[in-house]
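Asker:
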Amino acid sequence: MTLLEGAIAYDPLMPTCASILALLLLGSCQSATIALDGSRGQITLDRLFGGEFSETGLGPVGDWVPGINGLVSAEANSDIVQTDLPSGKRTVLVAGHLLIPSGETKPLKVERFWFSSDLSKLLVFTNSVKVWRQNTKGDFWVLDRNAKRLRQLGPKGNPSSLMFAKLSPDGSKAGFVFKNNLYCQEVDTGKITPLTTDGSPNLIDGSFDWVYEEEFDLRDGWRWSPDGRTIAYWQVDSSMEPIYTLIDDTDASSPTLNQFPYPKPGEANATVRIGIVPANGGRTRWIEEGADSKSGYIARMDWADNSQEVFYEKLNRRQNRNEFRIADAATGKAKTAWTDFDDAWVDVLDTDPNGIKWLADESRFLAFSERSGWRHLYAIARDGTTQSDLTPGNFDVRDYLGVDESGGYVYYTASPDDATQSYLYVTELKDPKPRRLTPSSDTGTNDYRLSPDAKLAIHSHSSYGTPGERELVSLPEHRTIRVYGDNSELKAKLKAYDLGLRKLVKLQTADGEPMDASVIFPPDFDPKKRYPLFFEVYGEPAGTTVHDQWDSFGYLFQQMVAQHGYIVASADNRGTPSLKGRKWRKSIYKKIGIIASEDQAAAAKQLASLPFVDPARIGIWGWSGGGSMTLNMLFRYPDLYALGMSVAPVPDTTLYDSIYQERYMGTPQENPEAYRESSPITFAKRLKGNLLIVHGSGDDNVHYQGTERLVNELVADGKPFQMMVYPNRTHAISEGTGTTRHLYELLIRFLTTNMPGGAR
Numbered sequence: 082m083t084l085l086e087g088a089i090a091y092d093p094l095m096p097t098c099a100s101i102l103a104l105l106l107l108g109s110c111q112s113a114t115i116a117l118d119g120s121r122g123q124i125t126l127d128r129l130f131g132g133e134f135s136e137t138g139l140g141p142v143g144d145w146v147p148g149i150n151g152l153v154s155a156e157a158n159s160d161i162v163q164t165d166l167p168s169g170k171r172t173v174l175v176a177g178h179l180l181i182p183s184g185e186t187k188p189l190k191v192e193r194f195w196f197s198s199d200l201s202k203l204l205v206f207t208n209s210v211k212v213w214r215q216n217t218k219g220d221f222w223v224l225d226r227n228a229k230r231l232r233q234l235g236p237k238g239n240p241s242s243l244m245f246a247k248l249s250p251d252g253s254k255a256g257f258v259f260k261n262n263l264y265c266q267e268v269d270t271g272k273i274t275p276l277t278t279d280g281s282p283n284l285i286d287g288s289f290d291w292v293y294e295e296e297f298d299l300r301d302g303w304r305w306s307p308d309g310r311t312i313a314y315w316q317v318d319s320s321m322e323p324i325y326t327l328i329d330d331t332d333a334s335s336p337t338l339n340q341f342p343y344p345k346p347g348e349a350n351a352t353v354r355i356g357i358v359p360a361n362g363g364r365t366r367w368i369e370e371g372a373d374s375k376s377g378y379i380a381r382m383d384w385a386d387n388s389q390e391v392f393y394e395k396l397n398r399r400q401n402r403n404e405f406r407i408a409d410a411a412t413g414k415a416k417t418a419w420t421d422f423d424d425a426w427v428d429v430l431d432t433d434p435n436g437i438k439w440l441a442d443e444s445r446f447l448a449f450s451e452r453s454g455w456r457h458l459y460a461i462a463r464d465g466t467t468q469s470d471l472t473p474g475n476f477d478v479r480d481y482l483g484v485d486e487s488g489g490y491v492y493y494t495a496s497p498d499d500a501t502q503s504y505l506y507v508t509e510l511k512d513p514k515p516r517r518l519t520p521s522s523d524t525g526t527n528d529y530r531l532s533p534d535a536k537l538a539i540h541s542h543s544s545y546g547t548p549g550e551r552e553l554v555s556l557p558e559h560r561t562i563r564v565y566g567d568n569s570e571l572k573a574k575l576k577a578y579d580l581g582l583r584k585l586v587k588l589q590t591a592d593g594e595p596m597d598a599s600v601i602f603p604p605d606f607d608p609k610k611r612y613p614l615f616f617e618v619y620g621e622p623a624g625t626t627v628h629d630q631w632d633s634f635g636y637l638f639q640q641m642v643a644q645h646g647y648i649v650a651s652a653d654n655r656g657t658p659s660l661k662g663r664k665w666r667k668s669i670y671k672k673i674g675i676i677a678s679e680d681q682a683a684a685a686k687q688l689a690s691l692p693f694v695d696p697a698r699i700g701i702w703g704w705s706g707g708g709s710m711t712l713n714m715l716f717r718y719p720d721l722y723a724l725g726m727s728v729a730p731v732p733d734t735t736l737y738d739s740i741y742q743e744r745y746m747g748t749p750q751e752n753p754e755a756y757r758e759s760s761p762i763t764f765a766k767r768l769k770g771n772l773l774i775v776h777g778s779g780d781d782n783v784h785y786q787g788t789e790r791l792v793n794e795l796v797a798d799g800k801p802f803q804m805m806v807y808p809n810r811t812h813a814i815s816e817g818t819g820t821t822r823h824l825y826e827l828l829i830r831f832l833t834t835n836m837p838g839g840a841r
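Encoded structure:
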């Protein structure tokens, strides 16, 4: 087998010294103990949670604002400050004292802000509260910079109740969502006009239900037309969705109920349609979708770069067909411009904050597709008659970043040779020939934030175990204009800690494909002894764990575990969204949990075969999908793993939400056996190792219900296990003083007690 692809081949029959050399690349095995540079400091939970490892000195933060040469940020004193580029000069655009409401003594705490296109108006979001995942409800205020007048939006006496306020293109009006209805308010007079009146708990105008937010990342559900005369919006009818109930046992003398629509696989989804309404009020015109309007999803919507047409993406319920459709705003008549499809599923990927990027001449739009076997960026004619692959080659595009219309350049990130990394590439609209812009010296992960005209970019670079650096570059030549910081303080601080050797390596999947993995060794590692092996896992299509980049908390937590005497590893199996082509990502279709488990077991067996790994001490832990994978590994491979810690898992795949689970599995009605085989609970009777299950009883995402079903199964099978329930905590298990620290202390204690670290 090839353990270090492109470096050194590993053969289990090689002498011990050569095997260690192959994995560690130390150049010598003469010394029994491998000494590492740096003093001998210990990472502790107090230090991890105390902010000791915060990144500092990386220069400007803020947002690019069209019409302003630089980045704009809100300071602690509520000043809105411009950082000029490239000089670095800082100028106060809006003084904090202008944001003091009448009768108050302190300025508004600026959480987010937006300028009107002529910069004369400033919209401020403050006093926010959480709606599902994010703080999207709060108070909105508008500052007229010329008149120095501050006005709060919305009806009086309703604090923290408005959502998604936006200034009209000319700055004269502001629209917002209030109690599931859309409103428009004149900035100068304060006059409020209701645009919809049918909003209710189950009929949502301008926002979304739980599952649309979670799975399509949709929250703001309305858009101004470019001329500011009309508004297009989603209407979500969740009345047909089943109601899920969470029980709060602690916040009152008697239990209270939290009920909300939540469709599970095969159950009724919300129906969604697009309406267009005059900004001054009037009748909504609905886009006509025909007989199938109540099936499938509208995953993206925006104006088609003009005020006469609405552009939207319509997915069928199976999510293997995505129609890019254009509707006439005056008549509601719609037609399909282009269709993307796949035998498995189609991912909804954005080329613009609202979904689709139109080129300046309005004749073409940019969209992603995997039809070539790779994720590429296409320029597609408005009528769908032509499509041009802008990123040809056997590689995946990671992210679209922006287009320089005047220069004819399109920018994106990719990494053709190593899926754990990321680099900036450019291609031309007229003659697509991708070329890398990131210097060869900047290995690892490179992120870019392009200016509105795509002439400048803030470039951030980091690598595995090494904190990031930041600079300003000009494009397309990638010339460094200004260096903002290299995290020198944090880098110096890390040298005071006893950190273990870290490596990114290549293992093999169960079918022989290269699989990215990371390995961290104990600081006092002795290759003549054996150490326990401890995996961190995710394994689902929603994310990866192996990255050649700085991951502050995650990396340092793994180093802390290594200091307790463990070899810490992670591997990205088939089905994770690695930049390895369509076949890699979609090989798990209708086999969620099955192929991933085979690959994770293959990774564990390969590392367990090394002479310095104790095969009797292999453990694994993960959260959410990683919690499910932890259960899968202990249940499907009971003789391989001695310990598992499963946080917020999905033991029964029929209990998660419809959009996510059906995307990868179809419905239970169509494919009941696949759902049974994909569910960890099916194999719970095989458990042999030490198992810890952790869940929040208030988890509105991955319901505690699934863990209770698993408990019943384990009890019926006579299987011992331990469990920790955090009352009313959500999927993040972070609410309440000390909760997150308590959880990680629980994990460390369970690990060190039930599978002690250290050499033998």
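Going by the numbering used here, the sequence shown opens with residue 82, and the numbers climb by one from there. Yeah, the Cβ is synthetic: ideal placement off N, Cα and C, and Gly gets one too. Just so you know, these numbers come straight off a predicted model, no measurement behind them.
Please tell me whether L715 and G770 are closer than 7 angstroms, where the distance is taken between their beta carbons.
Answerer: Yes.
Asker: Just checking my contact of Q681 with A652 at CB under 8 angstroms: how many whole Å lie between their CB atoms?
Answerer: 6 angstroms between Cβ atoms; contact.
Asker: Does DSSP put S201 in a helix, a strand or coil?
Answerer: In this structure, S201 counts as coil in the three-state DSSP scheme.
Asker: Can you give me the C-alpha to C-alpha distance between S599 and Y314, rounded to a whole angstrom?
Answerer: When rounded, the distance between both Cα atoms is 45 angstroms.
Asker: On the DSSP bridge assignment, give the partners of F196 in chain order.
Answerer: Beta-bridge pairing links F196 to L203.
Asker: Could you tell me if E550 is buried or exposed, where buried requires 16 or more neighbouring beta carbons within 10 angstroms of its beta carbon?
Answerer: Buried.
Asker: Whether or not the segment 251-268 and the segment 301-313 are in contact is what I'm after, with contact meaning three or more pairs of Cβ atoms, one per stretch, closer than 8 angstroms; do they touch?
Answerer: In short, these stretches touch, since the Cβ pair count reaches three.
Asker: Please classify R445 as buried or exposed, where buried requires at least 16 other C-beta atoms within 10 Å of its C-beta.
Answerer: That one is buried.
Asker: From the DSSP output, which residues share a beta bridge with V391?
Answerer: V391 pairs with W384, A408.
Asker: Given a cut-off of 7 angstroms on the beta-carbon distance, is the pair E370 and A441 in contact?
Answerer: Contact: no.
Asker: Under a three-way DSSP split, which group does S599 fall into?
Answerer: In this structure, S599 counts as strand in the three-state DSSP scheme.
Asker: What residue range does the alpha helix (DSSP H) around F297 cover?
Answerer: Here the alpha helix (DSSP H) through F297 covers 291-297.
Asker: Starting from Y745, follow its DSSP beta bridges and name the residues at the other end.
Answerer: Its beta-bridge partners do not exist; DSSP assigns none.
Asker: Taking Q419 as the reference, give the member of A411, G413, Y545, I437 with the closest Cα.
Answerer: As written in the sequence, residue 419 is Trp, which differs from the Gln given in the question. Nearest option by C-alpha distance: I437.
Asker: Using the C-alpha atoms, what's the distance from F289 back to V323?
Answerer: The displayed chain sequence assigns Pro, not Val, to residue 323. Taking the straight line from one Cα to the other gives about 16 angstroms.
Asker: DSSP has M641 in a bridge; who is on the other side?
Answerer: For M641, which the question treats as bridged, DSSP gives no partner whatsoever.
Asker: A685 and I699: beta carbons closer than 7 angstroms?
Answerer: A contact, by the Cβ cut-off of 7 angstroms.
Asker: What is the rounded straight-line gap between the Cα of V618 and the Cα of K190?
Answerer: Roughly 39 angstroms between the two C-alpha positions.
Asker: State the Cα-Cα distance for the pair N350 and F206, rounded to the nearest angstrom.
Answerer: Looking at the two C-alpha atoms, the distance is approximately 32 angstroms.
Asker: With distances taken between CB atoms, is the gap from S850 to N527 smaller than 7 angstroms?
Answerer: As displayed, the chain neither begins before 82 nor continues past 841, which places residue 850 out of reach and without an answer.
Asker: Shortest alpha-carbon distance to T657 belongs to which of Y745, D781, L234, F634?
Answerer: Checked all of Y745, D781, L234, F634; the closest Cα to T657 is Y745.
Asker: Identify, in the order they occur along the chain, each residue of the same chain with its Cβ nearer than 7 angstroms to the Cβ of S705, setting aside the five sequence neighbours on each side.
Answerer: Once the five neighbours on either side are set aside, the close Cβ partners of S705 are A729, V783, H812.
Asker: Which of helix, strand or coil does DSSP assign to I675?
Answerer: Reduced to three states, the DSSP call for I675 is coil.
Asker: So is A723 buried or exposed if we call it buried at 16+ other beta carbons inside 10 Å?
Answerer: Its Cβ being crowded by 16 or more others within 10 Å, A723 is buried.
Asker: Do you know offhand how far F616's Cα is from D421's?
Answerer: Rounded to the nearest angstrom, the two C-alpha atoms are 37 angstroms apart.
Asker: I'd like to know if the segment 552-566 and the segment 157-170 are in contact, where contact means that at least 3 CB-CB pairs between them fall below 8 angstroms.
Answerer: Yes, they touch.
Asker: Which residues bound the alpha helix (DSSP H) around W665?
Answerer: Its alpha helix (DSSP H) spans residues 663-667.
Asker: Provide the residue(s) that pair with Q163 in DSSP beta bridges, ordered along the chain.
Answerer: In DSSP, Q163 forms a bridge with V153, T172.
Asker: With a cut-off of 8 angstroms on the beta carbons, I'd call P604 and D579 a contact; round off their distance for me.
Answerer: Sure, about 4 angstroms apart at Cβ, within 8 angstroms.
Asker: For K345, I'd like the list of residues in its chain whose CB is within less than 8 angstroms of its CB, leaving aside the five on either flank, ordered along the chain.
Answerer: Here the set comprises P323, T735, L736, Y737, D738, S739, Q742.
Asker: What is the rounded straight-line gap between the Cα of F606 and the Cα of L139?
Answerer: Their backbone Cα atoms lie some 34 angstroms apart in a straight line.
Asker: The beta strand (DSSP E) spanning Y718 covers which residue range?
Answerer: Looking at the DSSP string, Y718 is not in any beta strand (DSSP E), and its letter there is neither H nor E.
Asker: With distances taken Cα to Cα, identify the nearest neighbour of I701 among F831, T137, F634, R611.
Answerer: Cα-wise, what sits closest to I701 is F831.
Asker: Taking 7 angstroms as the threshold (C-beta atoms), are W367 and G413 in contact?
Answerer: It is a contact, given that the beta carbons lie within the stated cut-off.
Asker: First and last residue of the beta strand (DSSP E) that includes R304?
Answerer: Where R304 is concerned, the enclosing beta strand (DSSP E) stretches over 303-305.
Asker: Compute the Euclidean distance between the alpha carbons of I101 and A840, then round it to the nearest angstrom.
Answerer: Caution is warranted here: a pLDDT of 44 is assigned to I101, below 50, making its placement in the model unreliable, and the coordinate value is therefore given only provisionally. Between I101 and A840, the C-alpha separation is close to 15 angstroms.
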